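Using our numbering, read the sequence shown as starting at 218 and increasing by one per residue. Backbone N, C-alpha and C fix where the C-beta goes; we use that ideal spot for every residue, glycine too. These numbers come from a predicted model, not from an experiment. Okay, so here's the structure we're looking at.
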Amino acid sequence: MDFSIPDELQVVLKKAREFVEQELYPLEPIFFEQGFATVEPELHKKRAKVKQMGMWLPQIEREHGGMGLSLLEHGLFSAEIGRTPLGNFAFNCQAPDSGNMELLLQYASPEQQEKYLKPLLNGDIRSCFGMTEPDFPGSNPVWMGTTAVKDGDDYVLNGRKWWTTGGDGATFCVVMAVTDPNAPPHFRASQILVPTDTPGFIIETTTPFMGHRGESWASHSEVRLDNCRVPQANRLGPEGAGFLMAQERLGPGRIHHCMRWIGVCERAFDLMCQYAVKRDISPDRPLASKQFIQGWIAESRAEIDAARLMVLHAAWVIDNHGAKAARDDISLIKFTVANTMMRVVDRALQAHGGLGVTDYTPLAMFYRMERAARIYDGTDEVHKLSVAKRILQRYA
Ligand SMILES: Cc1cc2nc3c(=O)[nH]c(=O)nc-3n(C[C@H](O)[C@H](O)[C@H](O)COP(=O)(O)OP(=O)(O)OC[C@H]3O[C@@H](n4cnc5c(N)ncnc54)[C@H](O)[C@@H]3O)c2cc1C
218 MDFSIPDELQ
228 VVLKKAREFV
238 EQELYPLEPI
248 FFEQGFATVE
258 PELHKKRAKV
268 KQMGMWLPQI
278 EREHGGMGLS
288 LLEHGLFSAE
298 IGRTPLGNFA
308 FNCQAPDSGN
318 MELLLQYASP
328 EQQEKYLKPL
338 LNGDIRSCFG
348 MTEPDFPGSN
358 PVWMGTTAVK
368 DGDDYVLNGR
378 KWWTTGGDGA
388 TFCVVMAVTD
398 PNAPPHFRAS
408 QILVPTDTPG
418 FIIETTTPFM
428 GHRGESWASH
438 SEVRLDNCRV
448 PQANRLGPEG
458 AGFLMAQERL
468 GPGRIHHCMR
478 WIGVCERAFD
488 LMCQYAVKRD
498 ISPDRPLASK
508 QFIQGWIAES
518 RAEIDAARLM
528 VLHAAWVIDN
538 HGAKAARDDI
548 SLIKFTVANT
558 MMRVVDRALQ
568 AHGGLGVTDY
578 TPLAMFYRME
588 RAARIYDGTD
598 EVHKLSVAKR
608 ILQRYA
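Put into structure tokens, the structure is as follows:
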């Protein structure tokens, strides 16, 4: 296992860091105070610059217009652009589009690729992923209420979804729906591409989330499917493979999230250290001279470094042995890094005193919005249970 960073990649990472600091940090106050829709036109201009710089779609192969980074390399890249909540959008590697791109690359027919994948890769449209339902536990994704019933050449979909991230303004949704209720649980659901302007695809509201409903990509829709009719040709991949495809989508996606969270940690850490040396607590004594703060800094550094190595190791296993071989690693990093991020952001916020809870730094936003990291893409509890079960099997 070699985590040394080749010179060529060092240059790319430096360029990404400079872009984030110079072009995206200045947009953050607009996002924090006026919302995503206000900052979105500026972000589209930044996207054009990203394309010119050859840093578009870091997670996608070169033949499809991306940078062609390995998962490990993309992990390192994500840690740079994850320093700002606007980073992934600017580079067109934001969830849920990045996962949908991977799904479409692997499973879409040539017609589906032309209609949905190409404009998504180009950044002309956005998409969403509708799996979780208000009336069923997301922790048990093989148990869901949404159905897709065949009628002639079509599927007719009925059901409710929520936490459909980025549904507002998305052009299509990848909907998970039960196509065969009598099949074994893991083979009941399929993934179906539903254009959001299809009659019967109804966005009822965006969910209020930590004090904000958000809008556009930075929001989460509640969707009702009411006799929503799409051609059977819109099914993605084989019938009944929806659950397995969702699992495949989530493996690399968790590396993306975890390395983005390392970026959040690094930003919070920098802010904590910068403030500690700058803020005088008495006429000639900076905050940094206090042992409380020194302890937070040492603990945070150790925890971030440990978390980073765990994620890079998981990415290396996926790159070299496939996602299945990395199942334990993926579960371990998912809850470890999410919790590391919570602790580091909390310490950085506390070190800033009252300033920490204002929107003059990104810390309050990280504190509010990143709490969900312990819930989406598998809750802490579900990951702990599944990894512990597999470990215990080896001892049984
Ligand atoms: C910000 C955000 C964005 C999201 N984006 C999307 C998206 O784009 N598309 C999408 O489809 N979904 C999305 N989700 C949904 C997310 O995947 C689910 O919220 C998650 O899977 C948990 O499901 P649930 O909310 O139904 O909780 P439940 O399954 O009802 O679980 C409730 C609690 O019970 C715990 N629990 C469950 N099983 C056990 C057990 N066996 N033992 C002990 N405790 C247990 C869970 O850990 C959890 O704490 C998003 C969620 C959030 C918060």
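| Check | Outcome |
| --- | --- |
| Ile592 CB to nearest heavy atom of ligand 1 below 8 Å | yes |
| For Gly457, three-class secondary structure by DSSP | coil |
| C-alpha distance - Tyr372 paired with Gly355, whole-angstrom precision | 23 Å |
| Validate contact between the segment 552-571 and the segment 605-612 using beta carbons, cut 8 Å, 3 pairs | no |
| Neighbourhood of Arg343 by C-beta distance below 7 Å, restricted to the same chain and skipping five residues each side | Asp314, Gly383, Gly386, Ala387, Thr388 and Trp434 |
| Nonlocal neighbours in the same chain, by C-beta distance under 6 Å from Met489, ignoring five residues either side | Ala565 and Ala568 |
| Val599 CB to nearest heavy atom of ligand 1 below 8 Å | yes |
| Residue interval of the beta strand (DSSP E) (run including Lys266) | No beta strand (DSSP E) contains Lys266, which is instead part of the alpha helix (DSSP H) from Phe253 to Gln269. |
| Distance cut-off 8 Å: Ala605 Cβ against heavy atoms of ligand 1 | no |
| Check: His437 C-beta below 8 Å from any heavy atom of ligand 1 | yes |
| Separation of Trp273 from Gly282, as counted between CA atoms | 8 Å |
| Contiguous alpha helix (DSSP H) assignments of at least 4 residues, all confined to the segment 427-498 | 459-495 |
| Cβ-based neighbour list, Tyr242, same chain, cut-off 7 Å, excluding 5 preceding and 5 following | Thr301 |
| CB of His530 within 9 Å of CB of Met218, strictly | yes |
| Boundaries (first-last residue) of the beta strand (DSSP E) holding Val366 | Thr364 to Asp368 |
| Thr381, enclosing beta strand (DSSP E) - first and last residue | Asp371 to Thr382 |
| Beta-carbon proximity of Phe460 to Ala406, cut-off 9 Å | yes |
| Contact test: Ser499 Cβ vs ligand 1 heavy atom, cutoff 8 Å | no |
| Assigned exposure category for Met270 - 16 Cβ within 10 Å defines buried | exposed |
| Sequence ranges, alpha helix (DSSP H) only - wholly within the segment 490-570, length at least 4 | 508-538 and 544-568 |
| Expected contact under 8 Å - CB spacing of Val395 and Met361 to nearest Å | 6 Å |
| Contact test: Lys262 Cβ vs ligand 1 heavy atom, cutoff 8 Å | no |
| Contact test: Pro469 Cβ vs ligand 1 heavy atom, cutoff 8 Å | no |
| Start and end residues, beta strand (DSSP E) containing Ala394 | Phe389 to Val395 |
| Gly304, DSSP secondary structure in three states | helix |
| Per-residue burial, His538 [other beta carbons within 10 Å of its own, 16 or more giving buried] | exposed |
| Three-way DSSP call (helix, strand, coil) for Thr347 in this model | The displayed chain sequence assigns Gly, not Thr, to residue 347. Residue state, collapsed to three classes: strand. |
| Ligand 1 heavy atom lying under 8 Å from the CB of Asn305 | no |
| Closest residue to Leu303 among Pro579, Ala589 and Ala590 (Cα-Cα distance) | Pro579 |
| Leu422: CB within 8 Å of a non-hydrogen atom of ligand 1 | Sequence inspection shows Thr at residue 422; the Leu mentioned does not correspond to that position. Flag unset: Cβ of Thr422 not near ligand 1. |
| The segment 464-479 in contact with the segment 584-594 per 3-pair CB rule at 8 Å | yes |
| Separation of Lys378 from Met348, as counted between CA atoms | 7 Å |
| Check: Ser356 C-beta below 8 Å from any heavy atom of ligand 1 | yes |
| Thr413 CB to nearest heavy atom of ligand 1 below 8 Å | no |
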